[in-house]
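Numbering (the UniProt record's numbering), first residue to last: 1 to 402.
This report refers to the structure that appears directly beneath it.
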């Protein structure tokens, strides 16, 4: 029988736990029009500083970030050209103009193209010859090559330009992330209570999706990974996950999107009694996570965090490097409008830690063919150092400190 029910692991039902969840009445305001304009101003300043005339922004999160225009990329080119003087021209299929105007956040001229026309040529027809144009880093290769082959443009990459703006979050962005993280932490706590022997990962994932919706996230979970027992030794899961058994390790990794910004939290604990080895590895994971937090010092390179994590793991007899048992991947990733974005917390990343950066600390320890332990929380950098978005886990049998 599950012995850690008193700590909120098991003992409940999906119906009862869903009924306890209530959408918060106080929420952060969406990103303001003034902040979107400020982002455009930063991009224009960066263009001038780099001697560039314009920036091409493809549909997706970059377009959303700068113009508050939600539009998914497809084989039909949709994007915007932002000029160093601040003027903005959208590029849109002619038949989509009505819909696009409905979604458009920041005003700008529209360059329309018909189905039989080349959108790159339409852009060329509407700008000065020989313009230096930086392409955002998510522009599909097929479009990049067509831009490069067109004599009107002098093409370069805008990856660094966009990265340096997006990875420093404003207070308003951090508020969106905090709200999303808080909701997902509630979901984690509710999820632990519905566990029972025989429950499937599909049942748990369904509950997590419904729980996010109950808390006001209409789209439900943005993603969800649930793993039991040996399956937890595979960081991103297996094809045919096993149902829960007594004394299994439980790994739950999930998140949701609020006002475009994402949460992403992983908790790993035991359903029942943990073995001595599981307790040791869980403690090693906790120590590695804390080592990462302590290493997050303003001005230090992002890679320093990953280095310090691996030093801690070696002290605990794990690794070295990516060897198993140990940490098989990077320590963390940035988060914002994308689930994985800059800065990446991995070896060799020389980007200096700055106030406004937000990223995960998840130095997962994998014991092959036995189990894996991943504790994932995110931090945001302030002028006083790192701050947790969420309270880290307490122990393998009482993760939420009940």
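Quick reminder that beta carbons are idealized off the backbone N, C-alpha and C, glycines included.
Report the partner residues of residue 16 according to the DSSP bridge assignment.
-> Mapped onto the chain shown, residue 16 falls at position 16. Beta-bridge pairing links residue 16 to no other residue.
What are the residues that DSSP puts in a beta bridge with residue 58?
-> Here residue 58 corresponds to residue number 58 of the chain shown, with the count starting at 1. For residue 58, which the question treats as bridged, DSSP gives the partners 79.
Could you tell me how far apart the beta carbons of residue 55 and residue 82 are, in whole angstroms, since I believe they sit closer than 8 Å?
-> Taking the chain shown and counting its residues from 1, one reaches residue 55 at position 55. Taking the chain shown and counting its residues from 1, one reaches residue 82 at position 82. Between the beta-carbon of residue 55 and that of residue 82 there is about 5 Å, and that keeps the pair under the 8 Å contact cut.
Cut-off 6 Å between Cβ atoms - residues of its own chain near residue 253, not counting five sequence neighbours on either side = Mapped onto the chain shown, residue 253 falls at position 253. If you ignore the 5 residues before and after residue 253, its C-beta comes within less than 6 Å of the C-beta of 225 and 266, all in its own chain and listed in chain order.
Residues near residue 179 in its chain [Cβ-Cβ closer than 7 Å; skip 5 each side] | In the chain shown, counting from the first residue as 1, residue 179 sits at position 179. Excluding residues within five positions, the ones whose Cβ falls inside 7 Å are 27, 28 and 258.
Looking at residue 361 and residue 423, is the spacing between their C-beta atoms short of 7 Å?
-> Residue 423 is absent from the structure shown; the chain starts at 1 and stops at 402.
Per the contact definition of three or more C-beta pairs closer than 8 Å, is the segment 342–359 in contact with the segment 289–298?
-> Contact holds: three or more Cβ-Cβ distances are below 8 Å.
C-beta contact flag for residue 364 and residue 197 at 7 Å = Counting from one through the chain shown, the residue named residue 364 turns up at place 364. Counting from one through the chain shown, the residue named residue 197 turns up at place 197. Not a contact, by the Cβ cut-off of 7 Å.
Which residue or residues does DSSP assign as beta-bridge partners of residue 301?
-> The residue you call residue 301 lines up with position 301 of the chain shown. BP columns for residue 301 point to 352.
Pair within 7 Å by beta-carbon distance, residue 312 and residue 338 = Indexing the chain shown from 1 puts residue 312 at position 312. Indexing the chain shown from 1 puts residue 338 at position 338. Result no, Cβ atoms of residue 312 and residue 338 do not sit closer than 7 Å.
Which two residues bound the contiguous beta strand (DSSP E) that contains residue 142?
-> Position 142 of the chain shown, counted from the first residue, corresponds to residue 142. Here residue 142 belongs to no beta strand (DSSP E); instead the alpha helix (DSSP H) covers 141–148.
Pick helix, strand or coil for residue 375, following the three-state DSSP scheme.
-> In the chain shown, counting from the first residue as 1, residue 375 sits at position 375. Coil, per DSSP.
Just reading off the beta strand (DSSP E) that residue 367 is part of, what are its end residues?
-> Position 367 of the chain shown, counted from the start, is the residue given in the question as residue 367. In the DSSP assignment, residue 367 falls within the beta strand (DSSP E) that extends over 365–367.
Mind checking residue 76: buried by the 16 CB within 10 Å criterion, or exposed?
-> Position 76 of the chain shown holds residue 76. With fewer than 16 other CB atoms across the displayed protein chains lying within 10 angstroms of its CB, residue 76 is exposed.
Find out if the Cβ-Cβ distance for the pair residue 425, residue 268 is shorter than 7 Å.
-> Given that the chain is displayed from residue 1 to residue 402, the structure contains no residue 425 and the question cannot be resolved.
Nearest candidate by alpha-carbon position, reference residue 384, set 394, 357, 8 and 402 = On the chain shown, residue 384 is found 384 positions in, with the first residue counted as 1. Between residue 384 and the set 394, 357, 8 and 402, the nearest pair of CA atoms involves 357.
Of the residues 115, 86, 85 and 84, the one placed nearest residue 92, counting alpha carbons only | Mapped onto the chain shown, residue 92 falls at position 92. The residue with the shortest Cα to Cα distance from residue 92 is 115.
Would residue 159 pass as a contact of residue 125 if the rule is Cβ separation under 7 Å?
-> Sequence index remark: in the chain shown, residue 159 carries index 159 (1-based). Sequence index remark: in the chain shown, residue 125 carries index 125 (1-based). Contact: no.
Can you grab the Cα-Cα spacing for the pair residue 220 / residue 38, in whole Å?
-> Residue numbering aside, residue 220 sits at position 220 when the chain shown is read from its first letter. Residue numbering aside, residue 38 sits at position 38 when the chain shown is read from its first letter. Residue 220 and residue 38 have their C-alpha atoms spaced approximately 31 Å apart.
Do residue 353 and residue 277 have their C-beta atoms closer together than 7 Å?
-> The residue given as residue 353 occupies position 353 in the chain shown. The residue given as residue 277 occupies position 277 in the chain shown. In terms of Cβ geometry, residue 353 and residue 277 do not form a close pair [threshold 7 Å].
Bridge partners - residue 194, DSSP secondary structure assignment = Here residue 194 is taken as the residue at index 194 of the chain shown, counted from 1. The partner list for residue 194 (beta bridge, DSSP) is empty, contrary to what the question assumes.
Nearest-angstrom beta carbon gap, residue 46 and residue 165 [assumed within contact, 8 Å] | As a first step, residue 165 is located in the chain shown; it is residue number 165 there, counting from the start. As a first step, residue 46 is located in the chain shown; it is residue number 46 there, counting from the start. Between the beta-carbon of residue 165 and that of residue 46 there is about 7 Å, and that keeps the pair under the 8 Å contact cut.
Flag this pair as yes or no: are the beta carbons of residue 168 and residue 261 separated by less than 7 Å?
-> Looking up residue 168 in the chain shown gives position 168. Looking up residue 261 in the chain shown gives position 261. Not a contact, by the Cβ cut-off of 7 Å.
State the Cα-Cα distance for the pair residue 201 and residue 323, rounded to the nearest angstrom.
-> In the chain shown, counting from the first residue as 1, residue 201 sits at position 201. In the chain shown, counting from the first residue as 1, residue 323 sits at position 323. Answer to the nearest angstrom: the Cα atoms are 28 Å apart.
Please work out which residues of its chain come closer than 6 Å, Cβ to Cβ, to residue 90, disregarding the five sequence neighbours upstream and downstream, and give them in chain order.
-> Counting from 1 along the chain shown, the entry for residue 90 is found at position 90. So the qualifying residues of the chain are 80, 108 and 110.
When burial is assigned at 16 or more other CB atoms within 10 Å of the CB, is residue 366 buried or exposed?
-> As a first step, residue 366 must be located in the chain shown, where it is residue number 366. When all chains shown are included, residue 366 counts as buried.
Buried or exposed: where does residue 245 fall if 16 or more other Cβ atoms within 10 Å of its Cβ makes it buried?
-> Residue mapping note: residue 245 aligns to position 245 of the chain shown, counting from 1. The residue in question, residue 245, is exposed, as its Cβ has fewer than 16 Cβ neighbours within 10 Å.
Mind checking which residues open and close the beta strand (DSSP E) that includes residue 112?
-> The residue labelled residue 112 in the question sits at position 112 within the chain shown. First-last of the beta strand (DSSP E) with residue 112: 109–113.
Output the distance between the C-alpha atoms of residue 388 and residue 310, rounded to the nearest integer angstrom.
-> As a first step, residue 388 must be located in the chain shown, where it is residue number 388. As a first step, residue 310 must be located in the chain shown, where it is residue number 310. Spanning the two alpha carbons is a distance of roughly 21 Å.
Assign residue 387 to one of three DSSP states: helix, strand, or coil.
-> Translated into positions along the chain shown, residue 387 becomes position 387. Correct three-state label for residue 387: strand.
Runs of beta strand (DSSP E) wholly within the segment 165–247 (minimum 3 residues, chain order) = Unbroken beta strand (DSSP E) runs of no fewer than 3 residues, entirely contained in the segment 165–247, are found at 221–228, following chain order.
Where residue 10 sits in the DSSP three-state scheme = For the purposes of this step, residue 10 is taken as the residue at position 10 of the chain shown. In this structure, residue 10 counts as coil in the three-state DSSP scheme.
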